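The next block holds one structure in the form of structure tokens; read it before the comments.
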Amino acid sequence: AQSVAQPEDQVNVAEGNPLTVKCTYSVSGNPYLFWYVQYPNRGLQFLLKYITGDNLVKGSYGFEAEFNKSQTSFHLKKPSALVSDSALYFCAVRGNYGNNRLAFGKGNQVVVIP
Amino acid sequence: DAGVIQSPRHEVTEMGQEVTLRCKPISGHDYLFWYRQTMMRGLELLIYFNNNVPIDDSGMPEDRFSAKMPNASFSTLKIQPSEPRDSAVYFCASSLGGGYSYNEQFFGPGTRLTVL
Numbered sequence: 001a002q003s004v005a006q007p008e009d010q011v012n013v014a015e016g017n018p019l020t021v022k023c024t025y026s027v028s029g030n031p032y033l034f035w036y037v038q039y040p041n042r043g044l045q046f047l048l049k050y051i052t053g054d055n056l057v058k059g060s061y062g063f064e065a066e067f068n069k070s071q072t073s074f075h076l077k078k079p080s081a082l083v084s085d086s087a088l089y090f091c092a093v094r095g096n097y098g099n100n101r102l103a104f105g106k107g108n109q110v111v112v113i114p
Numbered sequence: 115d116a117g118v119i120q121s122p123r124h125e126v127t128e129m130g131q132e133v134t135l136r137c138k139p140i141s142g143h144d145y146l147f148w149y150r151q152t153m154m155r156g157l158e159l160l161i162y163f164n165n166n167v168p169i170d171d172s173g174m175p176e177d178r179f180s181a182k183m184p185n186a187s188f189s190t191l192k193i194q195p196s197e198p199r200d201s202a203v204y205f206c207a208s209s210l211g212g213g214y215s216y217n218e219q220f221f222g223p224g225t226r227l228t229v230l
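These protein sequence lines map, in sequence, to chains A and B.
Just so we're aligned: 106 in our numbering is position 106 of the first sequence, and the numbers increase by one with no gaps anywhere.
For our numbering, count along the second sequence from 1 and bump the result up by 114.
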């Protein structure tokens, strides 16, 4: 069964500083990896995904993520955080075969301090 | 496209009452997912459909929960009877793709259910 670990409950970062949200995964076969963001009282919004190819994936709002197969990680990054990036971030994974079920992490609250 | 539409946005009911949550997926999407989100348990997949057929309902908590998808543009999640521990935000999501699809899911705004 696939699973995701997001080890930190909350990530605090000063506005303008680099932002990193960590994610490690476990899955059978090759992974399909996703990042979603959730703003208060809203549904999850898709940010980016890794399927195959270049290990560095670029997504919406200036976010990017790096796939590292040896470390089974898919950390989300942004070079310069904005106050508006404060939200809940979810990492998700599924294997490249089997059913279409995504495994989500517990989420990380990101707080960008002005 | 209007995105995934859910109704109602908020529902407050009393224990023992029947609750029906509704979802309209994005037109053309062939997968539909129902999730539940709570502080304690995070985001849980309850059930998902492919081409209106339930594929995996292993996340449905118990027999009080049932879900249907009578056509490609409508799905319901029903709780009967409801209990206070069912209080949560329920999300519907849809996606496009075949059996090995890697397409992202699009989420609705959610229904916040409170059972008193």
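The C-beta atom is built at its ideal place from N, Cα and C for all residues, glycine as well.
Model, not experiment: these values are computed from the prediction.
Less than 8 Å between the C-beta atoms of residue i and residue j, yes or no?
{"i": "Gln6 (chain A)", "j": "Lys69 (chain A)", "result": "no"}
{"i": "Tyr145 (chain B)", "j": "Gly211 (chain B)", "result": "yes"}
{"i": "Leu227 (chain B)", "j": "Ser189 (chain B)", "result": "no"}
{"i": "Arg101 (chain A)", "j": "Asp170 (chain B)", "result": "yes"}
{"i": "Asn55 (chain A)", "j": "Phe67 (chain A)", "result": "yes"}
{"i": "Glu132 (chain B)", "j": "Pro195 (chain B)", "result": "yes"}
{"i": "Leu48 (chain A)", "j": "Gly59 (chain A)", "result": "yes"}
{"i": "Val4 (chain A)", "j": "Cys23 (chain A)", "result": "yes"}
{"i": "Tyr25 (chain A)", "j": "Phe90 (chain A)", "result": "no"}
{"i": "Ala186 (chain B)", "j": "Phe147 (chain B)", "result": "no"}
{"i": "Phe220 (chain B)", "j": "Ser209 (chain B)", "result": "yes"}
Can you give the beta carbon distance from residue i to residue j, rounded, assuming they're within the 8 Å contact cut?
{"i": "Val110 (chain A)", "j": "Val21 (chain A)", "result": "6 Å"}
{"i": "Ala92 (chain A)", "j": "Lys77 (chain A)", "result": "17 Å between Cβ atoms; not a contact."}
{"i": "Leu160 (chain B)", "j": "Phe179 (chain B)", "result": "7 Å"}
Roughly how many angstroms separate the alpha carbons of residue i and residue j, rounded to a whole number?
{"i": "Thr127 (chain B)", "j": "Gln10 (chain A)", "result": "33 Å"}
{"i": "Pro134 (chain B)", "j": "Ala14 (chain A)", "result": "Reading the sequence as shown, one finds Thr at residue 134 (chain B) and not Pro. Those two C-alpha atoms are separated by around 43 Å."}
{"i": "Tyr162 (chain B)", "j": "Asp177 (chain B)", "result": "16 Å"}
{"i": "Gly53 (chain A)", "j": "Lys182 (chain B)", "result": "38 Å"}
{"i": "Gly156 (chain B)", "j": "Arg150 (chain B)", "result": "8 Å"}
{"i": "Pro139 (chain B)", "j": "Ser80 (chain A)", "result": "35 Å"}
{"i": "Ser28 (chain A)", "j": "Ala1 (chain A)", "result": "7 Å"}
{"i": "Leu230 (chain B)", "j": "Val57 (chain A)", "result": "45 Å"}
{"i": "Arg199 (chain B)", "j": "Thr152 (chain B)", "result": "10 Å"}
Comparing C-alpha positions only, which one of the options sits nearest to residue i?
{"i": "Ile119 (chain B)", "options": "B:Tyr216, B:Val229 and B:Phe205", "result": "B:Phe205"}
{"i": "Leu88 (chain A)", "options": "A:Phe74, A:Pro40, A:Leu48 and A:Ala103", "result": "A:Pro40"}
{"i": "Asp85 (chain A)", "options": "A:Thr72, A:Trp35 and A:Val112", "result": "A:Val112"}
{"i": "Ile51 (chain A)", "options": "A:Gly43, A:Phe34 and A:Leu44", "result": "A:Phe34"}
Starting from residue i, follow the beta strand (DSSP E) in both directions and report where the run begins and ends.
{"i": "Phe205 (chain B)", "result": "Ala202 to Ser209"}
{"i": "Leu76 (chain A)", "result": "Ser73 to Lys78"}
{"i": "Ser121 (chain B)", "result": "Ile119 to Ser121"}
{"i": "Glu158 (chain B)", "result": "Gly156 to Asn164"}
{"i": "Val83 (chain A)", "result": "Neither: Val83 (chain A) is in no beta strand (DSSP E) and is coded neither H nor E."}
{"i": "Val167 (chain B)", "result": "Val167 to Asp170"}
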